[in-house]
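Data first, discussion second: the structure below is written as structure tokens.
There are 2 protein chains.
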Amino acid sequence: MTAPTPVETQLRDAGLKATRTRIAVVAALRDLGGHQTADEVSTALAANDAVVSRATVFNALDDLTRAGLVMVADAGPGATRYEWADRWHHHFVCTSCGAISDVACPEDSPRCVDAPGVEGTVDDVQVIFRGTCSSCIGPGAETT
Amino acid sequence: MTAPTPVETQLRDAGLKATRTRIAVVAALRDLGGHQTADEVSTALAANDAVVSRATVFNALDDLTRAGLVMVADAGPGATRYEWADRWHHHFVCTSCGAISDVACPEDSPRCVDAPGVEGTVDDVQVIFRGTCSSCIGPGAETT
DNA sequence: GCTTCACTTAGACTATGTCTAGTTTAGACA
DNA sequence: TGTCTAAACTAGACATAGTCTAAGTGAAGC
Ligand SMILES: [Mn+2]
Ligand SMILES: [Mn+2]
Ligand SMILES: [Zn+2]
Ligand SMILES: [Zn+2]
Chain D
1 MTAPTPVETQ
11 LRDAGLKATR
21 TRIAVVAALR
31 DLGGHQTADE
41 VSTALAANDA
51 VVSRATVFNA
61 LDDLTRAGLV
71 MVADAGPGAT
81 RYEWADRWHH
91 HFVCTSCGAI
101 SDVACPEDSP
111 RCVDAPGVEG
121 TVDDVQVIFR
131 GTCSSCIGPG
141 AETT
Chain S
145 MTAPTPVETQ
155 LRDAGLKATR
165 TRIAVVAALR
175 DLGGHQTADE
185 VSTALAANDA
195 VVSRATVFNA
205 LDDLTRAGLV
215 MVADAGPGAT
225 RYEWADRWHH
235 HFVCTSCGAI
245 SDVACPEDSP
255 RCVDAPGVEG
265 TVDDVQVIFR
275 GTCSSCIGPG
285 AETT
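Protein sequences appear in the order of chains D and S.
Take the first sequence: its letter number 126 is residue 126 in the numbering used here, and every next letter is one higher.
Take the second sequence: its letter number 50 is residue 194 in the numbering used here, and every next letter is one higher.
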């Protein structure tokens, strides 16, 4: 039994068991980088000889999100995209090609924007910038 | 042929034909209010003796969104929610019960927040506040 | 080392959205 | 007003995303 890594500690602090699967999912997201779907995570785990049931990947991502180890990048329709919760940030989504890129959060904090008139408690604030990315504007813009 | 309503004009200005279906979809969203899924719109149309193919409802909502007559309320997984694009605003999503409520946009403009360092053109900015709504906090909070 | 309950599993099931090929229609123009 | 044609609509098959259930497994408290 090795010394508990930070991830294991974070899990237990959130009242979750530090299972092989959850640790592998966090590692996969951190290693892959970017914004991954549940099925992409599943594939990455399988490639690492850590086959995990599809339902479990969805459950793990959900649990990890609530525990704050993983964040969701809202980007409209299609599969939900997850990423390792390193630093809080926002997203730019290209409505032409679907690409998602990070936008730094000026405050580096999940509650960076004030919420006037909200009836309830605000946990975090996500800003989604939508538009056309530079590759889609440029000379070689894809119309597909 | 009656005089063109504003909606018909808006459609033609966007290069779209002012069809019976599209007009009915906008009317349904305006009359229903709130944040509706494609299937809820479909049901509302049917109740109005205006049965429309499911694929057409999806297409119409997509076209109307691009034309600026309808807006999407991003709210995480689940069906995409549409609403009549009256005034630009943001959303508060309760992570406990899933309720979506409007949050006024201080600037009343789709480009209310500055996007530092984005590689491309920003068309609009949506802010999503996530947390727990007052009914879910209050004494009679549902755990379901 | 036990015990227990949270976790994981396979796979059926539901929900959400897309595609295609044939038909209809809005709106341009004569 | 009648004709024409690209755009829009249709039904329904298909694809993708996510949920549920009941039985087996393992992390962690003792
Ligand atoms: Mn990101
Ligand atoms: Mn709204
Ligand atoms: Zn792009
Ligand atoms: Zn609530």
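Even glycine gets a Cβ: it sits at the ideal position worked out from N, Cα and C.
Flagged as an interface residue toward chain S: E119(D), by a C-beta distance shorter than 8 angstroms. Contact annotation: in the segment 225–240 of chain S, residues whose CB is within less than 8 angstroms of a CB in chain D are F236, C238 and T239. In the displayed model, C241(S) falls within coil according to three-state DSSP, outside both helix and strand.
Every residue with a CB closer than 6 angstroms to a heavy atom of ligand 2 is listed here in chain order: H179(S), A217(S), E227(S), H233(S), H235(S) and D246(S). In this structure, A47(D) sits away from Q10(D), with a CB-CB distance that is not shorter than 8 angstroms.
Counting only residues of its own chain and dropping the five nearest sequence neighbours on each side, V57(D) has a CB closer than 6 angstroms to the CB of A38, V41 and S42.
For C97(D), the distance from the CB to the nearest heavy atom of ligand 3 is below 7 angstroms. Under the Cβ distance rule, Q36(D) does not count among the residues neighbouring chain S, no pair being separated by less than 8 angstroms. Boundaries for T165(S): no beta strand (DSSP E) harbours it, while the alpha helix (DSSP H) harbouring it runs R164 to L176, taken from the DSSP string. G120(D) is bridged by DSSP to C277(S). Taking all protein chains shown into account, D207(S) has 16 or more neighbouring C-beta atoms within 10 Å of its C-beta and is therefore buried. By DSSP's assignment, V113(D) forms no beta bridge with any residue. In the three-state reduction of the DSSP assignment, D102(D) falls in the strand class, which pools E and B. The three-state reading of DSSP puts V125(D) in strand, counting E and B together. With a cutoff of 7 angstroms, S279(S) counts as near ligand 4, since its C-beta is closer than that to a heavy atom of the ligand.
Around the beta carbon of C241(S), a 10 Å sphere encloses fewer than 16 other beta carbons of the protein chains shown; the residue is thus reported as exposed. Distances taken from the Cβ of T276(S) to the heavy atoms of ligand 4 include one shorter than 7 angstroms. Taking 8 angstroms as the CB threshold, I137(D) lines the interface with chain S.
Cβ-Cβ separation between P254(S) and D267(S): approximately 7 angstroms, consistent with a contact (criterion under 8 angstroms). The contact set of S134(D) on chain S, defined by CB atoms closer than 8 angstroms, consists of E263 and G264 in chain order. E83(D) has its alpha-carbon roughly 37 angstroms from the corresponding atom of A172(S).
R20(D) and A55(D) have their C-alpha atoms roughly 15 angstroms apart. The DSSP-derived three-state label of E107(D) is coil. In this structure, the CA atom of S197(S) is about 46 angstroms from the CA atom of D108(D). For the segment 192–223 of chain S, the set of residues with a beta-carbon nearer than 7 angstroms to any beta-carbon of chain D comprises V216, D218, G220 and P221, in chain order. In this structure, H234(S) sits near I272(S), with a CB-CB distance shorter than 8 angstroms.
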